[in-house]
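What follows is a single structure, written as structure tokens, with notes after it.
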Amino acid sequence: MSSAPHLSSKPTRQGRPSVREYTSFDGRKDADTLRKAMKGLGCDNKALMYLLCSRTNSQRQRISLEYKTMFGRDLIKDLKSEVGGYFEDTVIALMTPPAEYDATLLRKAIKGLGTDEAVLIEVLTTRTNDEIIAIRNAYNTLFSRDLEKDIAGDTSGKFKKFLISLCNANRIETAPVDYSKAQQDAQALYKAGEGRWGTDESKFNSILASRSFDQLRATFNEYSKICKYDIEESIKREMSGDLRDGMVTIVRVVKNAPAFFAEKLYKSMKGLGTDDKTLIRIVVTRSEVDMLDIRDEFHKMYGTTLARYISDDTKGNYKKILLQLIGEPVK
171 MSSAPHLSSK
181 PTRQGRPSVR
191 EYTSFDGRKD
201 ADTLRKAMKG
211 LGCDNKALMY
221 LLCSRTNSQR
231 QRISLEYKTM
241 FGRDLIKDLK
251 SEVGGYFEDT
261 VIALMTPPAE
271 YDATLLRKAI
281 KGLGTDEAVL
291 IEVLTTRTND
301 EIIAIRNAYN
311 TLFSRDLEKD
321 IAGDTSGKFK
331 KFLISLCNAN
341 RIETAPVDYS
351 KAQQDAQALY
361 KAGEGRWGTD
371 ESKFNSILAS
381 RSFDQLRATF
391 NEYSKICKYD
401 IEESIKREMS
411 GDLRDGMVTI
421 VRVVKNAPAF
431 FAEKLYKSMK
441 GLGTDDKTLI
451 RIVVTRSEVD
461 MLDIRDEFHK
471 MYGTTLARYI
481 SDDTKGNYKK
491 ILLQLIGEPV
501 K
């Protein structure tokens, strides 16, 4: 795996997005274009896809507002009546405000039989403090429930404490790296794990859930100087189950977030069948963050392009919209 590029302490918002603000944006004009695309027999999917994939989420929200003002109609309802299948799922994901989308992901991960721990971990480890606060507020608005209480009620033990720490949105994000502190934290992590009988998971939790990403990179570097294993190997040796998966995810995201998402995309498509929920979730949520970096990492890691994998694994308008979202020209 390639070494991580230097990114901001914030877990997101610093990479190369595939979807950027449309500079000549005109919400009324776009609303009119979408109405014409859906009016009459059939739907002009090409026009619909081009417009949605070349506007940011905030611009799409303004289009939705203009659409209702101009036509007295709900844009999402009209879109749902025109498109279907995974193509529809992708379109609706694009039209949903990010905090509401993430809140819905978390609700689905928690409710029902079993818990989708992978989604809980992914969302809570890769969003900024402000994003997590917005997700908590959206969760309460949409479902009249408290996210932290739902997480506490659906998980247990040290994994529950880990998720609640992340849900607290108290990670330091802007402070400069303190290299002396990095050495101290590295020693503390070693003493809490490899340097003792048993493992003090609470020490790992307090450091990994609160330090800035830049600070953690420095800490992991110091850790490798005092232990024959790197921090990820040590966590795998010392922990198990969901807690191990959560801690390892933080380490991987800190080291190289695009590589983390590239691996998830690869696993969603390799072999028989496709994990379309994961594919859509990552393509949509990373399109305005670091999708071009994810594409590069995918090629480095697997010797083929993300576009080729998507093309081989999907079809029709679903394939076309995913390709446009990753910044790949569609013929």
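The sequence shown: position 225 = 395 (this note's numbering), numbered continuously.
Note that beta-carbon positions come from the ideal geometry of N, C-alpha and C, so glycine has one too.
Reference residue i, options the options, closest by Cα
i      : options                        : result
Lys398 : Arg381, Gly363, Arg230         : Gly363
Lys319 : Cys337, Lys447, Thr474         : Cys337
Lys281 : Lys247, Leu317, Ile303, Glu292 : Leu317
Arg277 : Thr239, Thr311, Asp248, Gly254 : Thr311
Ser457 : Asp244, Gly497, Thr389, Arg414 : Gly497
Thr125 : Val261, Leu221, Ile491, Ala201 : The question about residue 125 has no answer here: the residues shown for the chain are numbered 171 through 501.
Leu495 : Asn227, Tyr309, Leu211, Ser194 : Asn227
Glu287 : Tyr271, Leu378, Met439, Phe329 : Phe329
Arg478 : Ile450, Val454, Asp259, Tyr436 : Tyr436
Asn391 : Ala358, Ile405, Gln353         : Gln353
Tyr472 : Thr484, Lys501, Gly365, Met439 : Met439
Backbone secondary structure at residue i - three-state DSSP
i      : result
Leu177 : Since pLDDT at Leu177 reaches only 40, below the 50 mark, its modelled position is unreliable, and the value read off the structure follows with that caveat. Looking at Leu177 - three-state DSSP - the assignment turns out to be coil, as it is neither helix nor strand.
Gln184 : coil
Gly242 : coil
Ser172 : The pLDDT assigned to Ser172 is 38, lower than 50, so where the model puts this residue is not dependable, and the model offers no usable value.
Ser326 : coil
Cys397 : coil
Cys337 : helix
Asp214 : coil
Ala201 : helix
Met409 : coil
Asp286 : coil
Ser438 : helix
Ala269 : helix
Asp446 : helix
Asp384 : helix
Glu402 : helix
Gly363 : coil
Glu292 : helix
Thr260 : helix
Gly497 : coil
Glu191 : coil
Arg414 : helix
Pro428 : helix
Gly254 : coil
Where residue i falls, given that 16 or more other Cβ within 10 Å makes a residue buried
i      : result
Glu371 : buried
Pro499 : exposed
Asp300 : exposed
Arg198 : exposed
Ser350 : exposed
Gly346 : The sequence shown places Pro at residue 346, not Gly. With fewer than 16 other Cβ atoms within 10 Å, it is exposed.
Gly416 : buried
Glu191 : exposed
Asp412 : buried
His176 : Residue confidence for His176 is low, a pLDDT of 39 falling below 50, so the modelled location carries little weight; the figure read from the coordinates is stated next. Exposed.
Asp355 : buried
Asn340 : exposed
Ser314 : exposed
Ser234 : buried
Asp466 : buried
Ile405 : buried
Ile377 : buried
Thr296 : buried
Distance between beta carbons of residue j and residue i, contact taken as under 8 Å
i      : j      : result
Met265 : Ile291 : Met265 to Ile291, Cβ: 26 Å. No contact.
Val424 : Phe383 : 5 Å
Ile303 : Leu294 : Rounded, the Cβ-Cβ distance is 12 Å, inconsistent with contact.
Gln381 : Ile342 : This sequence places Arg at residue 381; Gln is not what is there. Their Cβ separation, rounded to whole angstroms, is 6 Å, which keeps Arg381 and Ile342 in contact under 8 Å.
Ala273 : Ile305 : 5 Å
Thr203 : Leu221 : 6 Å
Ala263 : Tyr271 : 6 Å
Lys490 : Met208 : Lys490 to Met208, Cβ: 17 Å. No contact.
Gln231 : Pro268 : That pair is no contact at about 10 Å.
Thr298 : Val454 : Thr298 to Val454, Cβ: 17 Å. No contact.
The segment 183 to 190 touching the segment 442 to 462, judged by at least three CB pairs closer than 8 Å: In this structure the segment 183 to 190 touches the segment 442 to 462; the number of beta carbon pairs closer than 8 Å is three or more.
Touch test, the segment 208 to 217 against the segment 248 to 268, Cβ-Cβ under 8 Å, three pairs minimum: The segment 208 to 217 and the segment 248 to 268 touch, with no fewer than 3 CB-CB distances between them shorter than 8 Å.
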